[in-house]
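S.K.: Those letters in the sequence shown? Residues 635 to 1010, by the working numbering. We put the beta carbon where it would ideally sit given N, CA and C, even for glycine.
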Amino acid sequence: MVRKTLHFEETASILITGQIWLWLLLVLPAYFLRPILLRRVIRDAEGNRLPPGPNICYAFLRKYAERALHAWAAQYGSLFSIWMGSQLFIVVSDPHVARDLLVLNGSIFSTRKRYFMKNQVILNGRAITASEYGNKWRQHRRLAGIALNPKAMEQYASFMDYEAHIFIKSLYDEGVKGDKPVNPAHYAGRFALNNMLFMSFGIRTVSASDPLVATALDLAMEFMDLTGPWSNCVDFFEFLQYLPTQKRTRGRILHDSLINVYGGMISDFKDKLRSGKDVPDCLVKTLLDNEETEHLDWEDLCMLSAVFTLGGVHSTSGIIQWFLALIPSHRDVLARAHKELDDVIGRSRWPNFEDESSLPYIRAIIKEASTSFNGT
């Protein structure tokens, strides 16, 4: 009797496994070949079909994605479409078409996808970088523009100059005047963090060992790790959004941490205002001044103040670290840049923002580093 029961259970298990494999063999090909049908069915109100493109749904592009895009542009033309997971992409590879769509008609065609981890879980639809184009996005963009307009940025120039001096001196001292190797990551992070903190909260960290440096950098790194392109299959296969995962749990923890850390800093800023202390003009001051008239809730305040630090710190410090890592192996570039500094600036003073237009080679290096190694 026991043997019969075991035999029955084994047979049932084999049948269930076989049914699962059969289901996968039927469903997966249909899923990845569905563009064949969708291209015939999908039409707009005027009867126009989708731009041409591959009849296969891709999970991801191969290693050198630009080669695939270039080949498809040659095959299908300057405007083509491609499915990746559950997302449909329209690829524009002609500058004239791009200008017509995104510049001349930007108000019609511009929007932003609601990324699951970044938009819905971590930032909860707040902040400029996470909101879809609409009333909320326009409101947040307008408020940020008040605090970070070109005139205000000119006032921050002297502070940025000071932080650059502190950054260089920190590397010089840590490396014992060039005698010891030094890891610039922490110092580059603090340099970027202080600039963003001053623009957002009107404060700065007083030393590299300040606990806020480690806290802010950890939050920024966790944010970039959770929202990176390879960590977000849920954005390409949306059915995964309904499954409980460790990454979703981490995203919710990060959301709460951002509220706690930056909310605490906003509360401290409010206390300074109530006590009559002099506080500099900054993003948070602008937000608090407009809190009632713009009907901003607590999460709006926290996420708007946090998002500039999250994005600005990681991208800026990353570019600096890539530059420091690569410049020793490009001695000719280093020598030419050094000569330009000597010819234009000399050895009697530091370069400043007014010198930018007179240093075309230095500007070209910065643009190249920003274009090639910007991780955001």
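1. What does the Cβ neighbour count give for residue 752, buried or exposed, with the cut at 16 atoms within 10 Å?
2. Between residue 822 and residue 979, which are expected to be in contact by the criterion C-beta below 8 Å, what is the C-beta distance as a whole number of angstroms?
3. Could you pull the DSSP bridge partners for residue 715 from this structure?
4. In this structure, does DSSP put residue 673 in helix, strand or coil?
5. Using the three-state DSSP reduction, which class does residue 882 fall into: helix, strand or coil?
6. Would you call residue 910 buried or exposed, if buried means 16 or more other Cβ atoms sit within 10 Å of its Cβ?
7. Assuming residue 1016 and residue 853 make a contact with CB atoms under 8 Å, what is their CB distance in whole Å?
8. Which residue's Cα is closest to the Cα of residue 951: 797, 759, 710, 717?
9. Looking only at its own chain, which residues have a Cβ that is under 6 Å from the Cβ of residue 851, when we skip the five neighbours before and after it?
10. What residue range is occupied by the uninterrupted alpha helix (DSSP H) comprising residue 941?
11. On the premise that residue 685 lies in contact with residue 666, defined as a C-beta separation below 8 Å, what is that separation, rounded to the nearest angstrom?
12. Given this structure, state the Cα-to-Cα distance separating residue 870 from residue 725, to the nearest angstrom.
13. If distances are taken between C-alpha atoms only, which option among 773, 927, 836 comes closest to residue 789?
14. Should the region 965-981 be regarded as contacting the region 992-1009, the criterion being three or more beta carbon pairs within less than 8 Å?
15. What residue range does the alpha helix (DSSP H) around residue 839 cover?
16. Enumerate in chain order the residues of its own chain whose CB-to-CB distance from residue 794 is below 7 Å, with the five nearest sequence positions on each side excluded.
17. Per DSSP, what are the beta-bridge partners of residue 691 in this structure?
18. Output the distance between the C-alpha atoms of residue 727 and residue 707, rounded to the nearest integer angstrom.
19. Would you mind stating whether residue 731 and residue 712 have Cβ atoms separated by less than 7 Å?
20. Based on DSSP bridge pairs, tell me the residues matched to residue 683.
21. At a cut-off of 6 Å, would you count residue 868 as near the ligand MN, judging by its Cβ distance to the nearest heavy atom?
22. Along the chain, where does the alpha helix (DSSP H) containing residue 709 start, and where does it finish?
23. Kindly indicate the opening and closing residues of the alpha helix (DSSP H) around residue 926.
24. Just tell me which of 946, 963, 703 has its CA closest to the CA of residue 825.
25. What residues in its chain sit with their C-beta under 7 Å from that of residue 642, if we drop five residues either side in the sequence?
26. How far does the alpha helix (DSSP H) with residue 858 in it reach, from first residue to last?
27. Excluding five sequence neighbours on each side, which residues of the same chain lie with their C-beta closer than 7 Å to the C-beta of residue 811?
28. Evaluate residue 687 with the Cβ neighbour count: other Cβ atoms within 10 Å of its Cβ, from every protein chain shown; 16 or more gives buried, anything less gives exposed.
29. So the candidates are 845, 939, 919; which of them puts its Cα closest to the Cα of residue 757?
30. Which of the three DSSP states is assigned to residue 765 in this structure?
31. Taking just the CA atoms, how far does residue 674 sit from residue 640?
32. Which of the three DSSP states, helix, strand or coil, is assigned to residue 986?
33. Which same chain residues, not among the five before or five after residue 636, have their C-beta less than 7 Å away from its C-beta?
34. Note down the Cα distance separating residue 988 from residue 833, rounded to an integer number of angstroms.
35. Using 8 Å as the Cβ pair cut-off and three pairs as the minimum, do the region 874-886 and the region 923-936 touch?
M.R.: Quick look at the numbers:
1. buried
2. Incorrect: roughly 23 Å between the Cβ atoms, too far for contact.
3. Residue 715 pairs with 724.
4. In the three-state scheme derived from DSSP, where H, G and I count as helix and E and B as strand, residue 673 is classed as helix.
5. It is helical.
6. exposed
7. Nothing about residue 1016 can be reported from this structure: the residues present for the chain run from 635 to 1010 only.
8. 797
9. 823.
10. Where residue 941 is concerned, the enclosing alpha helix (DSSP H) stretches over 932-960.
11. Wrong, their Cβ atoms sit about 20 Å apart, outside the cutoff.
12. 16 Å
13. 836
14. yes
15. Taken as a continuous stretch (DSSP letters only), residue 839 belongs to no alpha helix (DSSP H), as it is neither H nor E.
16. Beyond the five residues adjoining it in sequence on each side, residue 794 comes within less than 7 Å, by CB distance, of 829 in the same chain, given in chain order.
17. 717
18. 7 Å
19. yes
20. 677
21. For the structure depicted, the ligand MN is absent and the ligand set is empty, with no information on it obtainable.
22. 699-710
23. Neither: residue 926 is in no alpha helix (DSSP H) and is coded neither H nor E.
24. Among 946, 963, 703, the Cα nearest to that of residue 825 belongs to 946.
25. Caution is warranted here: a pLDDT of 49 is assigned to residue 642, below 50, making its placement in the model unreliable, and the coordinate value is therefore given only provisionally. If we look at residue 642 and ignore the five residues flanking it on each side, it has no Cβ neighbours.
26. According to the DSSP assignment, residue 858 belongs to the alpha helix (DSSP H) that extends over 845-861.
27. Closer than 7 Å at Cβ, skipping near neighbours: no residue.
28. Burial state of residue 687 is buried, judged by a 10 Å Cβ sphere holding 16 or more other Cβ atoms.
29. Ranking the options by Cα distance to residue 757, first place goes to 939.
30. coil
31. Note on residue 640: pLDDT 45, under 50, position unreliable in the model; the coordinate value appears next. Rounded to the nearest angstrom, the two C-alpha atoms are 51 Å apart.
32. coil
33. Only weak support is given to the placement of residue 636: the predicted model assigns it a pLDDT of 46, under 50, and the question is left unresolved by the model.
34. Spanning the two alpha carbons is a distance of roughly 20 Å.
35. no
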